[in-house]
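*Asks:* Okay, handing you the structure first.
Chains as they are written, first to last, in the numbering used here: chain A, 19 to 371; chain B, 19 to 371.
And the structure:
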């Protein structure tokens with residue numbers, strides 16, 4: 019397959035800390051419920067997982083925000099729980115309750131019985147979506163592939179769904195750490211092959227979502243989350259189609275641990291809004307690029323307050339290479355799509371060199 | 019009233035960074051549902067607020083953990099939401115749902131109409147409890163008084179109860195910051211008079227619980243949470259009965275902001291488990307003592323793993339003055355009371371000079 023030339027490579031250049039004409043911007047969960055066209059597509063698609071499994075639908079919703087806004091990257095429409103689902107845990111979504119598993123894993127026996135899902139078999143539908151989206155993008159912007167971190171996946175798999183305190187997994191972690199390591203090892207292997215398959219099918223950058231690593235004590239973070247993300251990074255294809263495939267590590271609430279995260283060999287760190295970009299930049303130096311870090315709640319404000327906050331964050335980062343603008347967490351269903359436009363346009367306007 | 023001599027002042031000495039024979043320890047929510055005797059008292063007391071309003075009951079449950087364990091401080095049994103309740107918002111607790119308000123405040127008009135509750139009137143029952151507990155303690159250990167931070171109280175008052183993302187309050191904060199400042203100003207005034215009354219009635223140390231300040235961006239934390247805690251600290255009685263009344267500031271998730279928190283003039287910072295004690299100590303120097311920081315989930319582990327974690331944290335803090343051992347958040351209902359004992363005894367055993 020001959021691939022079209024990438025027309026907008028700001029995002030990839032910034033991740034490599036190269037100079038750019040303006041700061042690239044995308045939004046976590048940019049293909050989502052805040053968009054009326056997304057809600058319309060969802061209506062016709064059945065369940066959330068049906069939408070993920072249908073490459074045409076996944077492609078359609080991935081492209082929706084790009085049709086509206088001058089975004090600098092697309093992200094595969096999928097879910098971090100595709101892997102445990104492919105392990106046979108019976109993923110389903112309950113209205114207003116978030117994800118649930120029919121068969122949570124809580125013992126060594128449960129975990130030993132989990133298969134490593136085939137990235138081209140059980141998870142082949144994701145690769146199909148990646149290829150389809152990549153083709154449809156036609157070189158417009160780069161496509162981001164992603165996966166959840168082993169720790170984050172484990173929280174859902176052991177708790178059986180979302181949790182506020184991760185009681186069951188933490189209990190297992192403090193009582194039988196070796197059992198949790200068994201699970202995390204299996205997940206690191208699965209995530210590595212899953213992400214490599216995404217890269218082979220056309221993902222041009224990778225983000226690892228460690229949504230819940232920030233709930234750990236600092237030594238436990240290193241032992242139970244960071245160690246396994248390190249394993250994944252060590253096993254990833256780092257160059258494809260003659261270009262580097264940058265890896266972004268995003269531990270929400272990980273602002274105290276940036277030095278260790280940067281030492282994994284990733285290319286960029288995702289930051290939430292609790293940290294100053296300047297402080298983060300000084301701490302990681304030239305090791306990695308930084309992505310973030312506006313509180314998504316800023317989008318509930320007025321257009322003027324959104325523009326003010328964008329300006330503040332750009333100034334906070336300062337006149338350096340290596341900034342990808344983003345929200346510090348996914349955009350929420352309650353945001354006015356016109357406010358998202360104000361945000362995206364302000365990033366470009368205020369950062370134009 | 020002649021007060022008995024304080025028999026165990028380790029806790030107050032550590033907060034003043036004086037030498038101690040062993041590291042003092044207490045647990046947030048130590049009078050709580052993990053204790054069978056607490057559950058028995060609750061059964062006879064009606065609602066949670068009925069329990070808070072009855073000085074004899076409040077005293078009984080405050081003392082329960084001290085009967086079981088060699089704790090170095092008692093904390094008033096009460097709730098941070100007594101102030102908004104006394105403002106007439108109609109606090110109630112729904113089983114499994116946490117606190118709720120019948121009449122949340124969401125507009126300038128709502129907020130203007132809120133009265134500043136009288137610490138000796140509407141909140142007189144709390145002062146009654148403080149006096150009763152102080153008398154019953156008979157100099158055994160110091161009594162901690164407390165309040166929620168203005169920002170934290172505002173989250174419940176605007177959202178109408180617990181929240182994961184503080185959507186309504188953050189929307190108001192970004193759209194009409196002056197309205198939120200009006201609320202926070204009123205709360206700072208109420209909290210100051212409330213805490214001063216607790217001190218006059220016998221509280222020997224004060225903790226300000228900023229449970230949700232960590233959800234803010236770093237500039238918003240300074241403007242909407244820290245600024246108002248600073249106002250409170252500036253207005254507090256700092257010496258009583260011929261002894262300093264130390265103030266502990268606890269912003270959960272505030273590990274990136276310790277320098278600014280220490281600059282408020284508080285005596286100690288409460289730390290959650292995401293930060294290294296050594297790192298925190300180096301950053302705040304001799305300015306403040308540190309309280310914390312074990313993950314309460316460690317108590318789900320085995321006695322050996324609990325002892326190991328206690329040792330690790332003591333070593334992490336190192337051989338310096340100014341450490342009060344605590345959990346990084348409240349003890350949960352699921353903890354085995356014998357594990358709490360292992361924890362408390364290990365702190366004393368491993369830290370004995």
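Ideal Cβ placement from N, Cα and C applies to all residues, glycine included.
Give a yes or no on whether the minimum CB-CB distance between residue 287 of chain B and chain A is below 7 Å.
*Replies:* Answer no: the Cβ-Cβ gap between residue 287 of chain B and chain A never drops below 7 Å.
*Asks:* Pull the bridge partners of residue 117 of chain B from the DSSP assignment, please.
*Replies:* B:111
*Asks:* Going by DSSP, what residues sit across from residue 311 of chain B in a beta bridge?
*Replies:* B:344
*Asks:* My guess is that residue 52 of chain B and residue 355 of chain B are in contact by the Cβ rule of under 8 Å, so how many angstroms apart are they, rounded?
*Replies:* 6 Å
*Asks:* Looking at residue 164 of chain A and residue 15 of chain A, is the spacing between their C-beta atoms short of 7 Å?
*Replies:* Past the boundaries of the shown model lies residue 15 of chain A; chain A is included only from 19 to 371, so the question cannot be answered.
*Asks:* Any contact of the segment 310–330 of chain A with the segment 162–182 of chain B, i.e. 3+ C-beta pairs under 8 Å?
*Replies:* no
*Asks:* Residue 299 of chain B touches chain A at which residues, Cβ-Cβ below 8 Å?
*Replies:* Within chain A, no residue comes near residue 299 of chain B; the closest Cβ sits about 14 Å away, beyond 8 Å.
*Asks:* What does the alpha-carbon distance come out to for the pair residue 127 of chain B and residue 172 of chain B?
*Replies:* 15 Å
*Asks:* Suppose you measure from the CA of residue 132 of chain B to the CA of residue 124 of chain B; what does that come to, to the nearest Å?
*Replies:* 12 Å
*Asks:* Over what stretch of residues does the beta strand (DSSP E) that includes residue 335 of chain B continue unbroken?
*Replies:* From DSSP, residue 335 of chain B is part of no beta strand (DSSP E) but of the alpha helix (DSSP H) over 321–335.
*Asks:* For the beta strand (DSSP E) that residue 166 of chain B lies in, which residues bound it at each end?
*Replies:* 161–166
*Asks:* Using a Cβ cut-off of 7 Å (strictly closer), state whether residue 293 of chain A contacts chain B.
*Replies:* yes
*Asks:* What is the DSSP secondary structure of residue 257 of chain A, counted as helix, strand or coil?
*Replies:* Three-state DSSP puts residue 257 of chain A in a strand.
*Asks:* Considering only the beta carbon of each residue, do residue 47 of chain B and residue 349 of chain B sit closer than 7 Å?
*Replies:* yes
*Asks:* Under the DSSP definition of a beta bridge, which residues are partnered with residue 227 of chain A?
*Replies:* A:166 and A:268
*Asks:* Counting only Cβ-Cβ distances shorter than 7 Å, please list the residues of the segment 300–313 of chain A near chain B, keeping chain order.
*Replies:* 313
*Asks:* Hey, residue 14 of chain A and residue 81 of chain A: beta-carbon distance below 7 Å or not?
*Replies:* Because chain A is modelled from 19 through 371, residue 14 of chain A falls outside the range shown and cannot be assessed.
*Asks:* Give the residues from the segment 328–342 of chain A that approach chain B closer than 8 Å (Cβ to any Cβ), ordered along the chain.
*Replies:* 330
*Asks:* Using a Cβ-Cβ distance cut-off of 7 Å, determine whether residue 270 of chain B contacts chain A.
*Replies:* no
*Asks:* What residues in its chain sit with their C-beta under 6 Å from that of residue 370 of chain A, if we drop five residues either side in the sequence?
*Replies:* 40
*Asks:* For residue 228 of chain A, which residues of its own chain have a beta-carbon under 8 Å away from its beta-carbon, when the five flanking residues on both sides are left out?
*Replies:* 166, 167, 169, 170, 243, 247, 267, 268, 269, 270 and 272
*Asks:* In whole angstroms, what is the alpha-carbon distance linking residue 223 of chain B and residue 23 of chain B?
*Replies:* 16 Å
*Asks:* Suppose the cutoff is 6 Å on Cβ atoms and the five residues either side in sequence are ignored; what does the same chain contact list for residue 147 of chain A look like?
*Replies:* 73 and 76
*Asks:* Pull the bridge partners of residue 43 of chain A from the DSSP assignment, please.
*Replies:* A:343
*Asks:* Against chain A, does residue 274 of chain B count as a neighbour if the rule is that its beta carbon must be under 7 Å from one of theirs?
*Replies:* yes
*Asks:* Quick check on this structure: which residue in A:280, A:276 and A:281 has the alpha carbon closest to the alpha carbon of residue 292 of chain A?
*Replies:* A:276
*Asks:* Return the Cβ separation of residue 301 of chain B and residue 335 of chain B in integer angstroms, given the expectation that the two are a contact with Cβ distance under 8 Å.
*Replies:* No, residue 301 of chain B and residue 335 of chain B are not in contact; Cβ-Cβ is about 13 Å, not under 8 Å.
*Asks:* Strictly below 7 Å CB to CB, what residues from chain B border residue 352 of chain A?
*Replies:* 185
*Asks:* Nearest chain A C-beta to residue 319 of chain B closer than 7 Å, yes or no?
*Replies:* yes
*Asks:* From B:289, B:105 and B:64, pick the residue whose C-alpha is nearest to that of residue 204 of chain B; which is it?
*Replies:* B:105
*Asks:* Relative to the alpha-carbon of residue 362 of chain A, which residue among A:83, A:63 and A:35 has its alpha-carbon at the smallest distance?
*Replies:* A:83
*Asks:* Taking residue 196 of chain A as the query, report the chain B residues whose CB atoms sit under 9 Å from its CB, ordered along the chain.
*Replies:* Under the 9 Å cutoff, chain B gives no residues; its nearest Cβ is about 12 Å from residue 196 of chain A.
*Asks:* Are the beta-carbon atoms belonging to residue 265 of chain A and residue 251 of chain A less than 7 Å from one another?
*Replies:* yes
*Asks:* Give me the chain B residues within the contact set of residue 323 of chain A, using Cβ-Cβ distance strictly less than 9 Å, ordered along the chain.
*Replies:* In chain order, 192, 193 and 195 make up the part of chain B whose C-beta sits under 9 Å from the C-beta of residue 323 of chain A.
*Asks:* By DSSP, does residue 286 of chain A sit in helix, in strand, or in coil?
*Replies:* Residue state, collapsed to three classes: strand.
*Asks:* In whole angstroms, give me the CA-to-CA distance for residue 108 of chain A and residue 176 of chain A.
*Replies:* Residue 108 of chain A and residue 176 of chain A: Cα-Cα distance of roughly 13 Å.
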